[in-house]
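What follows is one structure encoded as structure tokens, with my remarks underneath.
Residue numbers (full-length UniProt numbering): 1 to 493.
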């Protein structure tokens, strides 16, 4: 009977009858190999952790505050400065500045390539300059991140020498503040000063032109002069209207006097020969006047072509003819003289006509004065347009001067703050010299070596048992061969 089964039967047997006891038996059987492999990997992990160069990390925190650098001010115009409040917009440019090549170059040059990365000079096949190689290494070891959603920036730098790591981070913070001021500074003070002088001279010229214009045109106050001319024009209009009313009134008076003169005899008898005839003439005249009044009354009620008006006028004509006949009869009988009433009316007519003539002359004078005042108003309007244009020019120059004076003062203050390195960025915590390295993690490497050694030793035991052949326990042979086990003898290979 063979005690060494084939590999296939052995494999099938292990699959069918493999138990925890078999596992423990295998581990116990190969315990020395497992311990040797475990010790080997543990020693290797210790050696690796001891041989690895320790890396230290220096950390600094920076704060970016909203300030004058982030205020937008228009180059021209009078727009108020606008503040930017988006933190992401403020932080991203600062991170870009911190990671910029120029800033890294200044730090590397300040520390020195030999002090920072001496291993660069030991490389024989270096295709770039030592400074470029140092910049590549520096960028790889530098980490700049934003702390959550705050306005704080975290700067980390890793190096084998803790003092150099801390110095590099602190130098980066100092150079960052200088670079920030250089980028956000406002180098316009000299330009604005020139602009202030230019607009001051322009304002003086504008004021001189305005004063010359006022002196040449005898302008003291356009508003007062306009008000005076308008008041004068109003007074002339009132006088003209009053004069026209007087002329109309006197015209009506002249018409009335002339109408009265028609009805009054120019000559009256001084001495009457036939008193009875004279009395009859007077009665006829009274009758004539009564008919005239009656005619006037009926004209207000009837048309001139009406029968009543026609009859009255015929009676008036008959009475007039009768009066003329009677007066002809008295010519040889009466001594006549000029009627005093007729003379008074003629004098009143002459006086009234004289007044009308005087008023007409006065009206012509008033009209001429009105025309002169209107001409002065038109001329004043033309002057006002020129005056307003010159005054607007003065106001514009005054506003420009005021605006640039304010901008110059702000730029001057900003320049002074830049000279004193007063920025709205600050270092919250400078980097201190790190004590504990972040690399290598000896505990992790040792634990990893221990675990790897245990797994490797266990795997070795099972692989060796699989390829070795034979039975681990007598029960396995009994079960496979189908015969009972009488005794077992331990085999030592």
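From the three backbone atoms N, C-alpha and C, an ideal C-beta is built for every residue, glycine too.
Residue range 31-51 is occupied by the alpha helix (DSSP H) that includes residue 40.
In the DSSP assignment, residue 369 forms no beta bridge with any residue. A direct Cα-to-Cα measurement between residue 202 and residue 99 gives close to 48 angstroms.
When DSSP reads this structure, residue 58 sits in a beta bridge with 157.
Straight across, the Cα-Cα distance linking residue 140 with residue 116 is about 13 angstroms. Inclusion of residue 319 and residue 287 in the CB contact set at 9 angstroms is warranted, their separation being smaller than that value. Note that the stretch 431-447 does not touch the stretch 226-242; fewer than 3 beta-carbon pairs, one per stretch, sit closer than 8 angstroms. Around the CB of residue 167, 16 or more other CB atoms lie within 10 Å, so the residue is classed as buried. In this structure, the straight-line span from the alpha carbon of residue 103 to that of residue 123 is close to 26 angstroms. Under the 10 Å beta carbon count, residue 449 is surrounded by 16 or more other beta carbons and is classified as buried. Rounded to the nearest whole angstrom, the CA to CA distance from residue 393 to residue 378 is 23 angstroms.
Taking C-beta atoms as the reference points, residue 200 and residue 401 count as a pair closer than 9 angstroms. Our two residues, residue 114 and residue 128, have alpha carbons roughly 15 angstroms apart in a direct line. Beyond the five residues adjoining it in sequence on each side, residue 130 comes within less than 7 angstroms, by CB distance, of 113, 120, 121 in the same chain, given in chain order.
Beta-bridge annotation (DSSP): residue 429 is paired with 61. In the structure shown, residue 322 falls within a helical segment according to DSSP collapsed to helix, strand and coil.
When DSSP states are grouped into helix, strand and coil, residue 241 belongs to the helix group. From the listed residues 173, 164, 306, 257, the smallest Cα separation to residue 425 is found for 173. By the beta-carbon neighbour count (other beta carbons within 10 angstroms, threshold 16), residue 395 is exposed. Residue 341 holds the alpha-carbon nearest to the alpha-carbon of residue 261 among 24, 453, 231, 341. Classified as exposed, residue 209 has fewer than 16 neighbouring CB atoms from the shown chains inside 10 Å of its CB. Spanning the alpha carbons of residue 28 and residue 161 requires a straight line of approximately 48 angstroms. Residues of the same chain with a CB within less than 7 angstroms of the CB of residue 243, apart from the 5 flanking positions on each side, are 359, 362, 363, 366 in chain order.
Distance from the CA atom of residue 58 to the CA atom of residue 35, rounded to whole angstroms, is 41 angstroms.
In the three-state DSSP reduction, residue 375 falls in the helix class (H, G or I). Between the alpha carbons of residue 326 and residue 265 lies a distance of about 14 angstroms. Secondary structure of residue 142 (DSSP, three-state): strand. Bounds of the alpha helix (DSSP H) holding residue 94 are 87-98. Taking the C-beta atoms as reference points, residue 30 is found nearer than 9 angstroms to residue 461. Collapsing the DSSP output to three states places residue 267 in a strand. Remark: C-beta atoms of residue 258 and residue 349 approach each other more closely than 9 angstroms. The beta carbon of residue 231 lies closer than 8 angstroms to none in the same chain, with the five residues before and after it left out. When the five nearest sequence neighbours on each side are left out, the beta carbons in the same chain lying within less than 8 angstroms of the beta carbon of residue 464 are those of 30, 33, in order along the chain. In the three-state DSSP reduction, residue 149 falls in the coil class, being neither helix nor strand. Here residue 453 is buried, its C-beta having at least 16 other C-beta atoms within 10 Å.
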